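Colleague:
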Amino acid sequence: MAEKKKYTLMNTVAVLSVSTLLYLATINASSLAYMVKEFPQYDITTVKLFSTIPSLMMIVCSLLSGKLIQIFPIKKIVIGCAALMFAAGFGTYFVFNLPAILIMRVIYGMGSGTVFPLANAIIQQLYEGEEKARLLGFRAGFGALFGAAVTMVGGWLTSFGWRYAFFGYLFAIPVALLVLFCCPSNEPIKKESSTAKAGEKKYTKKTFYVLLFAVFFNACMMSFNVELSLVITGENIGGASQVSMVASTNTIFAFIAGLIFGSLHKKTQRYMAVISTGLVGLALAILCFAQNFPLFIMCGAIFGLGFGFYNPTYNLLIAGTAAKPKFGSQAIAIYTSCVGLGQFLSPYLINGVKKLLNLNVLRAEWKITAVSTLCLVLGAVIYIIVTGGNKKVSQA
357 MAEKKKYTLM
367 NTVAVLSVST
377 LLYLATINAS
387 SLAYMVKEFP
397 QYDITTVKLF
407 STIPSLMMIV
417 CSLLSGKLIQ
427 IFPIKKIVIG
437 CAALMFAAGF
447 GTYFVFNLPA
457 ILIMRVIYGM
467 GSGTVFPLAN
477 AIIQQLYEGE
487 EKARLLGFRA
497 GFGALFGAAV
507 TMVGGWLTSF
517 GWRYAFFGYL
527 FAIPVALLVL
537 FCCPSNEPIK
547 KESSTAKAGE
557 KKYTKKTFYV
567 LLFAVFFNAC
577 MMSFNVELSL
587 VITGENIGGA
597 SQVSMVASTN
607 TIFAFIAGLI
617 FGSLHKKTQR
627 YMAVISTGLV
637 GLALAILCFA
647 QNFPLFIMCG
657 AIFGLGFGFY
667 NPTYNLLIAG
677 TAAKPKFGSQ
687 AIAIYTSCVG
697 LGQFLSPYLI
707 NGVKKLLNLN
717 VLRAEWKITA
727 VSTLCLVLGA
737 VIYIIVTGGN
747 KKVSQA
């Protein structure tokens, strides 16, 4: 940034509103169980593609996003993505067979996958220092608060029929208008600033450790969202409204985590990765045995705190593992692809473990991911003890 600029409250709100697009798909949090009943001729893993296809598109589109910001201002790309998400999301209401619905999810995923890294990139480009770290936390919280609202709206709409939830994608319109009229303009990012010279090292071993971790951890986290509707409705613990309440509790506590992240990060920098992963593992472990709705609400809160801490923690962490600060944005783009890869592979990895271990028990998916996540926590603790971990997480 050539010079430090002062932005108005509405400028900042518009910048933070980009993160709401990341949570727009939570409008369908209650839909999956009803879709399984709507399309009994398809295997349940195939129906789950409705939830995971956007993650698959994130793998390619988040890398494409890094190229687009070298050509177009981030503001224009975000508006285009919002338009695509609205068209494919709301348009699904008018589609009546599963293959066509999945095609619409591919188109939706193109928009959501492209905009995913931009929610962080626009803050990285416009703000500096502690203000940047604070806004990265607020970004997660702002989006989570929006996610809680649309999840509740989605649950209410689903009570009239699962197709009515697609009306929730109308939310993309005011977000696009807010960005259009209030978001600060920016110049395309110069390609030269992130180009390596011959023989210049771009990433470190820690970069690849974090990327590998991201794949497996996000595969575990995705099971919370995918299985929630199936378990609550399938075991007669509740209906669409109860599913949306748990999902909303998750996003509300992710919002709280985002608000306190800045101050907590100063005190526990090297341990934030363990704290966030540990909270997610604890929530998944309790879900394996929860038999009443209040316990599901409690797990939603714990999971939300873990997810809320995880998002800004790992964005700062992966950027800090790059060999030089100028390669931080590329590291984040690759990391985002690994997040998408883990989320997409989640049902297949979990189903493979189920078959390998012959686990035909209730909530086998959560039992597998709970154990896996707690193993990742143990590995992270051992890493910190042996190596000392990262004494300081970069904010570059």
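According to the working numbering, the stretch in the sequence shown is residues 357 to 752, in order. Even glycine gets a Cβ: it sits at the ideal position worked out from N, Cα and C. Please read these numbers as outputs of a predicted model, since none were measured by experiment.
1. Would you decide whether T692 is buried or exposed? Buried here means 16 or more other CB atoms lie within 10 Å of its CB.
2. Have a look at M508, K432, A505 and W512 and flag the residue whose alpha-carbon is nearest the alpha-carbon of L474.
3. Output the distance between the C-alpha atoms of Y390 and L454, rounded to the nearest integer angstrom.
4. Quick one, are the C-beta atoms of N671 and L501 less than 8 angstroms apart?
5. Got a sec, what are the start and stop residues for the alpha helix (DSSP H) K362 sits in?
6. Would F406 pass as a contact of R461 if the rule is Cβ separation under 8 angstroms?
7. Would you list the one or two residues that DSSP bridges to Y559?
8. Okay, do the stretch 598–607 and the stretch 378–387 touch, 3+ Cβ pairs below 8 angstroms being the bar?
9. Quick check on the burial criterion: 16 or more other C-beta atoms within 10 angstroms. Buried or exposed for C437?
10. At what residue ranges does the stretch 716–745 contain a whole run of the alpha helix (DSSP H), taking only runs of 4 or more?
11. As a quick exercise: from R519, S515 and A505, pick the residue whose alpha carbon is nearest that of G447.
12. Helix, strand or coil for A646 per DSSP?
13. Considering just the uninterrupted stretch of the alpha helix (DSSP H) at F450, what are its terminal residues?
14. Once DSSP output is grouped into helix, strand and coil, what is the label at E394?
15. What beta strand (DSSP E) runs, 3 residues minimum, are completely inside the stretch 652–699?
16. For M413, which option in C694, A610 and L715 has the closest C-alpha, if you only look at C-alpha atoms?
17. Taking contact to mean 3 or more Cβ pairs, one atom from each stretch, closer than 8 angstroms, check whether the stretch 629–643 and the stretch 520–532 are in contact.
18. To the nearest angstrom, how far is the alpha carbon of K748 from that of G696?
Modeller: Reading it off the structure:
1. buried
2. K432
3. 13 angstroms
4. no
5. Here K362 belongs to no alpha helix (DSSP H), and DSSP marks it neither H nor E.
6. yes
7. A678
8. yes
9. buried
10. Listed in chain order, the complete alpha helix (DSSP H) runs (minimum 4 residues) inside the stretch 716–745 are 720–743.
11. R519
12. coil
13. Per DSSP, F450 belongs to no alpha helix (DSSP H) and is neither H nor E.
14. E394: helix per DSSP, three-state reduction.
15. none
16. C694
17. Segment contact: the stretch 629–643 against the stretch 520–532, fewer than three CB-CB distances shorter than 8 angstroms; contact not assigned.
18. At K748 the pLDDT is 49, less than 50, meaning the model places this residue with poor confidence; the figure from the coordinates comes in the next sentence. Rounded to the nearest angstrom, the two C-alpha atoms are 27 angstroms apart.
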